[in-house]
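Per the numbering used here, residue 670 is the first one in the sequence shown, and the count goes up by one each step. Heads up, the beta-carbon is just placed ideally off N, CA and C, and yes, glycines get one too. Input: a single structure, listed below in structure tokens.
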Amino acid sequence: MSDSTAPLPSFPSPADDAIDVSVVIPVYHEVDNLRELVERVEAALRPTRWAFELICVDDGSRDGSVALLAELAGSRPWLRPVALARNYGQSTALQAGFERARGRYIVTLDGDLQNDPLDIPAMIERLETDPTVDMISGWRHQRQDKALSRRLPSVLANRLISWATGVRLRDYGCALKAYRREIIERIHLYGELHRFIPSLAREAGAHIVEVPVRHHARTRGQSKYGIDRTFRVILDLVLIVFFLRYRQRPLHAFGGLGLWLLTPGALVLAYLFALKLTGEDIGSRPLLIVGVMAVLMGAQLIVAGLIGELLIRIYHEGAARPQYHTRVLPSAGDASTRR
């Protein structure tokens, strides 16, 4: 398990090992499914022409998953287990896998055997033959989950996220997705942003398509999701919408709200000042407090927006981070060339 502790550079060059497909699977308390999961991935990709690797990231399991992954990797050089020191969450586990992936294409799926690895070759073939597609998201059109506690949150989350982000997918929750490597290199996951990977990918310039995929009922282990997930999605959605719309222009968010408060507050104070000039007592009027508070809060929000603009300038200029991404136009006869 030395791979889990050795320092690794982010996104190693795929030319080093000529890997075509990297399959990244976050694992948490799935010891009963791991052996069959590894066998299914091998059965799906071994007959293809692509060199592949399977990166299973154990997210702090305490059920023997790490030991089993180490055992399975002993006879499978293409299996690369990663063991996180504790349970960090699915987003961090995926990021750990992305940073170790060496393939030209990166595929993700869950470790509960509900996603079918047999769908992977068709998704990779689509990326190989269609240079206009950067990401393929699975759609569980015949979903096998019967529990209302899983289906209802999924329906609500799909509609809410599609409406808020403008990236309309029928199944945001499907973990089976395939990406071109450069798209993954442009995004960074933390917290619980794994739910919004399509939105982050679109912001990074990806063209996304959704395709039907198989879905199986869970036969072993327990689901980690419940109705409370919907409320966490709502909170995370506030973050992602702000990130997508105002990351490059925080003054428009804070300053805009500040002006909405400052302008009526200033008008109220001007009105009260005019009354004061006529000799009327305004010291005991509640409207005075409203006006003062509106002006103060508006001014604070505008200052917060200016500070945000300074931080964005430092973020981009201090580390020379790009503000945009480009793609190489495919030449004639080489439709798969991408950047």
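What separation, rounded to the nearest whole angstrom, lies between the Cα atoms of residue i and residue j?
i, j, result
"Gly842", "Phe912", "20 Å"
"Gln783", "Arg715", "20 Å"
"Pro750", "Glu705", "15 Å"
"Thr801", "Met966", "47 Å"
"Glu861", "Gln759", "7 Å"
"Trp929", "Ala720", "57 Å"
"Ser734", "Leu753", "12 Å"
"Arg855", "Pro867", "12 Å"
"Asn756", "Ala833", "30 Å"
"Ser823", "Glu949", "60 Å"
"Arg914", "Ile853", "20 Å"
"Pro695", "Ala968", "46 Å"
"Val902", "Arg839", "16 Å"
"Pro790", "Asp781", "20 Å"
"Asp972", "Lys846", "Checking the sequence, you will find Val at residue 972 rather than Asp. Taking the straight line from one Cα to the other gives about 41 Å."
"Ala939", "Tyr848", "57 Å"
Taking the CB atoms as reference points, tell me whether residue i and residue j lie closer together than 8 Å.
i, j, result
"Leu763", "Leu829", "no"
"Leu737", "Leu703", "yes"
"Asp732", "Val700", "yes"
"Gly974", "Gly924", "yes"
"Glu879", "Ser831", "no"
"Gly766", "Val693", "yes"
"Pro786", "Ala713", "yes"
"Gly934", "Leu970", "no"
"Arg850", "Arg769", "no"
"Leu941", "Leu931", "no"
"Gln917", "Ile983", "no"
DSSP on residue i, reduced to helix/strand/coil?
i, result
"Leu723", "strand"
"Thr777", "strand"
"Pro716", "coil"
"Arg729", "In the sequence under discussion, the amino acid at residue 729 is Gly, which differs from the Arg named in the question. Gly729 falls in the coil class under three-state DSSP."
"Ala886", "coil"
"Tyr848", "strand"
"Val836", "coil"
"Asn702", "helix"
"Thr947", "coil"
"Asp905", "helix"
"His863", "helix"
"His921", "helix"
"Arg996", "coil"
Which partner residues does residue i have in the DSSP bridge list?
i, result
"Glu879", "Ser806"
"Pro695", "Val726"
"Arg749", "Ile724"
"Val690", "Phe721, Tyr774"
"Asn827", "Its beta-bridge partners do not exist; DSSP assigns none."
"Asn784", "His884"
Is the closest heavy atom of the ligand ZN to the C-beta of residue i under 7 Å?
i, result
"Trp747", "As presented, the structure is devoid of all ligands, the ligand ZN included, so that no description of it is given."
- Query: Are the region 858-874 and the region 792-801 touching, with three or more C-beta to C-beta distances below 8 Å?
  - Reply: At 8 Å Cβ cutoff, the stretches do not touch.
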